[in-house]
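In this note's numbering, the protein residues as written are 195 to 349. Even for Gly, the Cβ is constructed at its ideal location relative to N, Cα and C. These figures come from a predicted structure and were not determined experimentally. Reviewing the structure listed below.
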């Protein structure tokens, strides 16, 4: 677009072209609510994971066909890759850590990971483990509630 004053060019506005890649399809997420069993403060012996009372679960995605799906888990952390305890008046010095069940590798909070690909409509299951994680030298009793939000990407 050009703006002229008489025969003189006073301003020029250029619009860059942009390529848009439209991806059709989506996934429906079955959001799991994972309940870790009660644990006494005497079971915590230092900063780190408490594997004994870990719980396995699946992040289940019911997807349209032909999708490559990746995901990222986000949430508030005070220790890298450990979701903070958000329970009102809850336990101190404890958070929740997620682990990739197949490999045993800690799930990196905030990092995009591959969930899978669907050839036809179908389910993708991402096997995970939730476990308590001691975040401080001392643990005080109380409830533990951690929230991880999942964002999906379609490639």
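Nearest to residue 259 by alpha-carbon distance, out of 345, 328, 280, 220, is 220. With fewer than 16 other CB atoms across the displayed protein chains lying within 10 angstroms of its CB, residue 281 is exposed. Around the beta carbon of residue 340, a 10 Å sphere encloses 16 or more other beta carbons of the protein chains shown; the residue is thus reported as buried. Excluding sequence positions up to five before and after residue 324, its CB lies within less than 7 Å of the CB of 228, 230, 248, 249, 251, 290, 292, all in the same chain and listed in chain order. For residue 311, the closest C-alpha among the options 320, 305, 235 is that of 320. Distance between residue 274 and residue 240, taken at the CA atoms: about 16 Å. Shown here for residue 233: same chain residues with a beta carbon closer than 6 Å to its own, the five before and five after excluded, namely 247 in chain order.
In the structure shown, residue 280 adopts coil according to DSSP, grouped into three states. For residue 349, the closest C-alpha among the options 308, 268, 299 is that of 308.
A direct Cα-to-Cα measurement between residue 238 and residue 269 gives close to 23 Å.
For residue 256, the enclosing beta strand (DSSP E) begins and ends at 242-257. Rounded to whole angstroms, the separation of the alpha carbons of residue 263 and residue 314 is 13 Å. A residue is called buried once 16 or more other Cβ atoms fall within 10 Å of its Cβ, and residue 345, having fewer, is exposed.
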